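These protein sequence lines are chains A and B, in that order.
Under the working numbering, residues 3 to 119 are what the first sequence spells out, in order.
Under the working numbering, residues 80 to 195 are what the second sequence spells out, in order.
Only one structure is covered here, and it is reproduced in the block below.
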Amino acid sequence: DGGITQSPKYLFRKEGQNVTLSCEQNLNHDAMYWYRQDPGQGLRLIYYSQIVNDFQKGDIAEGYSVSREKKESFPLTVTSAQKNPTAFYLCASSIVFLRGASNQPQHFGDGTRLSIL
Amino acid sequence: KQEVTQIPAALSVPEGENLVLNCSFTDSAIYNLQWFRQDPGKGLTSLLLIQSSQREQTSGRLNASLDKSSGRSTLYIAASQPGDSATYLCAVRPAAGGTSYGKLTFGQGTILTVHP
């Protein structure tokens, strides 16, 4: 079945450590997104990419980095500069939002829960 | 800056009741609005997507309406069941053009509990 796979499901970070969250999709989507979800809040966009080797900052990019070397993969690194990384991280993908394609929803993975040790 | 608000934050109803979830947004220049369902510890599942030119969309027991000019959407769930218990989020996509094109802005969600 086509879908989005996020790993690991749970991740623990030590102070000063960088950690990388994996996101892989086999939906042949060009666009991929990373969101952060905190308790009682909606999703906030961290980074997004509409094509391989290109990505843009979202609303809360500080302390995070991404790469998009392959269409299927969009890993997110939570760096030591992110002082409050504890959250639920969700990856999504979609076709690129060109004219005539506005009726296509974003598809989401099952998330990674990151906690501080 | 677009802001999306969902009311109520939480709702508890007995099984079989019809219910309405509300979503409001501050900037009416949207391309579409989506309703999602999120089960605990899981990702989001898209329920309904309404284009800016549409007034409503229906899927089974779910009906979503959109009044773009007033910045409001409602999700109507008929004959609620315990399996409907989840968090429901709405999200808007801005109209074409500008650097925010394609990015979704989410509400904080409504936690729905349907008890037997």
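Built from N, CA and C at the ideal position, the CB exists for glycine as well.
Bear in mind that the values here come from a model prediction, so they are computed numbers and not experimental data.
Task: the region 31-65 of chain A: positions lying closer than 9 Å to chain B by Cβ - done: A33, Y35, Y37, Q39, G42, Q43, G44, L45, R46, L47, Y50, Q52, Q58, G60 and D61
TODO: Under 9 Å between beta-carbons, which chain A residues line up against V83(B)? List them in chain order, please.
DONE: G44
Task: Interface residues of chain B facing F110(A) [CB-CB closer than 7 Å] - done: G122 and L123
Task: Contacts around G102(A), its chain only, beta-carbon distance under 8 Å, and the 5 residues preceding and following it disregarded - done: Residue placement at G102(A) cannot be trusted, given a pLDDT of 48 that sits under 50; what the coordinates show is reported in the next sentence. The answer is none, since no qualifying residue turns up.
Open item on the list: As a quick exercise: from I62(A), G44(A), Y12(A) and A94(A), pick the residue whose alpha carbon is nearest that of E74(A).
Closed with: A94(A)
- [ ] Determine the burial state of P195(B): buried for a count of at least 16 other Cβ atoms within 10 Å of its Cβ, exposed for fewer.
- [x] By the 10 Å Cβ count, P195(B) comes out exposed.
Open item on the list: Within 10 Å of its beta-carbon, does T166(B) have 16 or more other beta-carbons around it, so buried, or fewer, so exposed?
Closed with: buried
Open item on the list: Rounded to the nearest angstrom, what separates I2(A) and A63(A) at their Cα positions?
Closed with: Residue coverage of chain A in this structure runs from 3 to 119, which leaves residue 2(A) outside it and unanswerable.
Open item on the list: For A83(A) and L100(B), what's the separation of their Cα atoms in angstroms?
Closed with: 38 Å
- [ ] Determine contact between the region 31-41 of chain A and the region 49-56 of chain A, defined as no fewer than three beta-carbon pairs at a distance below 8 Å.
- [x] yes
Task: Closest residue to C25(A) among A89(A), T79(A) and T88(A) (Cα-Cα distance) - done: T79(A)
Open item on the list: Given this structure, state the Cα-to-Cα distance separating Q27(A) from R70(A), to the nearest angstrom.
Closed with: 12 Å
Task: Counted within 10 angstroms of its Cβ, other Cβ atoms place Q19(A) as buried (16 or more) or exposed - done: exposed
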